[in-house]
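Numbered by our numbering, the letters in the sequence shown go through residues 11 to 173 in order.
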Amino acid sequence: MITASELLGYRSTFMSDRHLEKDYLQATLLQYIYSYSYNLVFKGGTCLAKLYGLDRFSEDLDFDIGDSDIQAANKGIARAVDLFRLTYYCNTHEVRQKNISHTLELRNIKGPLFDFSGDYQKLKIELNLDERPLLAPVSRFYTPQYFNIKKFVLRSLDIEEIA
Numbered sequence: 011m012i013t014a015s016e017l018l019g020y021r022s023t024f025m026s027d028r029h030l031e032k033d034y035l036q037a038t039l040l041q042y043i044y045s046y047s048y049n050l051v052f053k054g055g056t057c058l059a060k061l062y063g064l065d066r067f068s069e070d071l072d073f074d075i076g077d078s079d080i081q082a083a084n085k086g087i088a089r090a091v092d093l094f095r096l097t098y099y100c101n102t103h104e105v106r107q108k109n110i111s112h113t114l115e116l117r118n119i120k121g122p123l124f125d126f127s128g129d130y131q132k133l134k135i136e137l138n139l140d141e142r143p144l145l146a147p148v149s150r151f152y153t154p155q156y157f158n159i160k161k162f163v164l165r166s167l168d169i170e171e172i173a
């Protein structure tokens, strides 16, 4: 776990400390998700920012289920969230739309800057069940800038399909 002072060392690349903390929490959660659910296909604005350098801050982690079955995808995400909760206190709220999507919100997260700022964070995981990639998903290394998160492989939509 990174300390507040260590995390604040990365603040020059972000508009606010809140964005910095959210980016760190997203990177942590992505690492956990891909350690349990490699077949998920990352997509959306956060994917564009993290893998393709889009200069935009995005809030949600969006996925297609790719080659996974729904039960395996949900089980992998549940295990990742359990691991995340061992480090960061949070509440969860789940919304399921049958055969369309599953959304999991992690609320009231006490991130590394909580004692410094008093602000809770929120993350949202959106799992689309009714969409499949048209192009073959791309596997890419993602190297977070944070010293305590090692690079790992993400599967994402092809850039031509996202853009």
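Quick reminder that beta carbons are idealized off the backbone N, C-alpha and C, glycines included.
Just so we're clear, the structure is a prediction, and the values are computed from it rather than from any experiment.
When the Cα atoms are used, K160 and Q36 turn out to be separated by approximately 14 Å. Distance between Y48 and L164, taken at the CA atoms: about 7 Å.
Taking a C-beta distance under 7 Å as the contact criterion, V51 and D74 qualify as a contact pair.
When Cβ pairs closer than 8 Å are counted between the two stretches, the region 106-126 is seen to touch the region 13-21, the count reaching three or more. Listed in chain order, the alpha helix (DSSP H) runs fully inside the region 82-139 are 124-127, counting runs of at least 4 residues. Sequence-distant partners of C57 (beyond 5 residues in either direction) whose C-beta falls short of 6 Å from its own C-beta, in its chain, are S166. K60: member of the alpha helix (DSSP H) spanning 54-62, first to last residue. Within a 10 Å sphere around the beta-carbon of Y42 sit 16 or more other beta-carbons, which makes this residue buried.
Around the CB of D92, fewer than 16 other CB atoms lie within 10 Å, so the residue is classed as exposed. Spanning the alpha carbons of A146 and G54 requires a straight line of approximately 16 Å. Of the candidates G63, G128, N138, E136, the residue whose Cα lies closest to the Cα of A14 is G128. It is roughly 9 Å from the alpha-carbon of D70 to the alpha-carbon of E115. CA-to-CA, the gap between A173 and A88 works out to about 29 Å. Residue range 27-46 is occupied by the alpha helix (DSSP H) that includes R28. Rounded to the nearest angstrom, the Cβ distance from Q155 to E31 is 13 Å, too far for a contact under 8 Å.
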